Amino acid sequence: MKKPFTSLIAALAALLLILQAGCGARTATPAPEAPAKLKVVVSVYPVYEFARQVGGDKLDLALLVPPGAEPHDWEPSAKEIIAIKTAKLFLHHGAGLENLAKILTPETLGATQAVAVSSGIPALDLDAAEDADHKHGGHADKGHAHTDAHMWLDPLNAQKEVDAVAAALAAADPPNADYYRQNAANYNSKLAALDQEYKTALAGLPRRDIVTSHAAFGYLAARYGLRQLPIMGLAPDSEPTPEKMAAIVRFCREHNVKYIFFETIVSPRLAETIARETGAGLLVLNPFESLTADEIKQGKDYLSVMRDNLANLKKALRQ
Ligand SMILES: [Zn+2]
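Here is the structure:
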């Protein structure tokens, strides 16, 4: 007596399964697409590099300061301000490197989270670090001009910036937090190896003085016991006075400086003048503030640029 009833239930259950499967199939069709990537806008190349290393394939990443451009005097366009507003996260370097007056406002940011990756690193005061004879010209218009913003050029500071990037990405995208932290740990072990290479290579060299294009290498010099003599100030648009040029030339002669360093994205004119005056050679010391389109094409990145820099430092500082 029960049989027809149970078979009716079985039939209904089967029908229900088919319907569910049908529904499931319909909603499943658009689902195979990749999950939406985290939209991140970054200001400058060092932050772009660390975000790329940590974010891997999980980010929709946009860089604002274009290849070959100097970040110190860059200003965002209206289009770039819209890109920032529509991102989940805006990562910038901070410490006065970029001019962020137009960006760090409630109007531009909207709901976008802004994070300065350098915020955990104590800043060097250039005036304290610099030889009293070679104070740079004033940059009152740039606000933080007396604080050295080039933290990433010390590989151990770079590790802190990598950690800051990972923390910001993890907070903005919790499901991938472990992925970001793992990538950061992997990259930081490469930075630790780079630090060891610098320590080993520079420890035994007799010379300590580096004459640089602008005052970008204060943290690197402090880490490895070098002394930086910058031709220009913290930003490369600050022309030295004739007195300062003469003082640098005098210093190079007195200390028998063999090479003057210049940068790939700044005119080498002043470095060439000093080299000509003193008979010194010229070598690149790249502050990795921006890469040229050519350097990007060659696949240059932070680690390779820092190893190129080390090779040139070894050349300049040996007997
Ligand atoms: Zn700089």
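Heads up, the sequence shown is in our numbering, so the first residue is 12 and it goes up one at a time. Positions of the beta carbon are idealized from the N, C-alpha and C atoms, including for glycine. All values reported here derive from a predicted model rather than from experimental measurement.
Worksheet item: Looking at the structure shown, is PRO166 part of a helix, part of a strand, or coil, going by DSSP?
Response: The residue given as residue 166 occupies position 155 in the sequence shown. In the structure shown, the three-state DSSP call for PRO166 is helix.
Item to complete: Mind reading off the beta-carbon distance from ALA188 to ALA195? Whole number of angstroms is fine, and I expect it under 8 Å.
Response: Here residue 188 corresponds to residue number 177 of the sequence shown, with the count starting at 1. Here residue 195 corresponds to residue number 184 of the sequence shown, with the count starting at 1. The Cβ separation is near 11 Å, so there is no contact.
Worksheet item: Would the beta-carbon of PRO78 fall within 8 Å of that of ALA304?
Response: Walking along the sequence shown from the start, residue 78 turns up at place 67. Walking along the sequence shown from the start, residue 304 turns up at place 293. Closer than 8 Å, so yes.
Discussion item. Looking at ligand 1, does it come within less than 7 Å of GLU265, judged from the CB to the closest heavy atom?
Written reply: Locating residue 265 in the sequence shown gives position 254, where the first residue counts as 1. No, Cβ of GLU265 sits at least 7 Å from all heavy atoms of ligand 1.
Worksheet item: Sorted by chain position, which residues of the same chain lie with C-beta nearer than 8 Å to ARG329's C-beta, five sequence neighbours on each side aside?
Response: Taking the sequence shown and counting its residues from 1, the one referred to as residue 329 is at position 318. Same-chain partners within the cutoff: LEU216, PRO217 and ARG218.
Worksheet item: Can you find at least 3 beta carbon pairs, one from the segment 313-328 and one from the segment 245-259, that sit closer than 8 Å?
Response: no
Item to complete: Return yes when the Cβ of ILE271 is within less than 8 Å of the Cβ of LEU293, no when it is not.
Response: Residue mapping note: residue 293 aligns to position 282 of the sequence shown, counting from 1. Residue mapping note: residue 271 aligns to position 260 of the sequence shown, counting from 1. Yes, the pair counts as a contact, with Cβ atoms nearer than the cut-off.
Item to complete: Determine, using beta carbons only, whether LEU70 and ALA62 come nearer to each other than 8 Å.
Response: If you number the sequence shown from 1, residue 70 lands on position 59. If you number the sequence shown from 1, residue 62 lands on position 51. Closer than 8 Å, so yes.
Practice prompt. May I ask you to report which of helix, strand or coil DSSP gives HIS103?
Written response: Residue mapping note: residue 103 aligns to position 92 of the sequence shown, counting from 1. Correct three-state label for HIS103: strand.
Item to complete: Note down, in chain order, each residue of its chain lying with its Cβ closer than 7 Å to the Cβ of ASN168, except the 5 sequence neighbours on either side.
Response: Position 157 of the sequence shown, counted from the start, is the residue given in the question as residue 168. Within the same chain, ASN168 has close Cβ partners ILE132, MET162 and TYR230.
Fill in: Exposed unless 16 or more other CB atoms sit within 10 angstroms - verdict on ALA203
The count along the sequence shown starts at 1 and reaches residue 203 at position 192. Counting of Cβ neighbours within 10 angstroms places ALA203 among the exposed residues, the total staying below 16.
Practice prompt. Have a look at VAL51 and ASP165 and give me their C-alpha separation to the nearest angstrom.
Written response: Counted from its first residue, the sequence shown places residue 51 at position 40. Counted from its first residue, the sequence shown places residue 165 at position 154. Answer to the nearest angstrom: the Cα atoms are 25 Å apart.
Worksheet item: Can we count PRO247 as close to ligand 1, meaning its CB is less than 7 Å from some heavy atom?
Response: Taking the sequence shown and counting its residues from 1, one reaches residue 247 at position 236. True, at least one ligand heavy atom lies under 7 Å from that Cβ.
Worksheet item: Who are the near neighbours of ALA98 in its chain, counting only those whose CB is closer than 8 Å to its CB and skipping five residues on each side?
Response: By one-based count along the sequence shown, residue 98 stands at place 87. LYS50, VAL51, VAL52, ALA73 and THR123, listed in sequence order.
Item to complete: State the Cα-Cα distance for the pair THR275 and ARG238, rounded to the nearest angstrom.
Response: Start at 1 with the first residue of the sequence shown, and residue 275 comes out as number 264. Start at 1 with the first residue of the sequence shown, and residue 238 comes out as number 227. C-alpha separation (whole angstroms): 21 Å.
Worksheet item: In the segment 53-101, which residue ranges form an unbroken beta strand (DSSP E) of at least 3 residues, counting only runs that do not cross its ends?
Response: DSSP runs (the beta strand (DSSP E)) wholly in the segment 53-101: 70-74.
Item to complete: For GLY121, I'd like the list of residues in its chain whose CB is within less than 7 Å of its CB, leaving aside the five on either flank, ordered along the chain.
Response: To locate residue 121, count along the sequence shown from 1; it is residue 110. Result list for GLY121: LYS96, in chain order.
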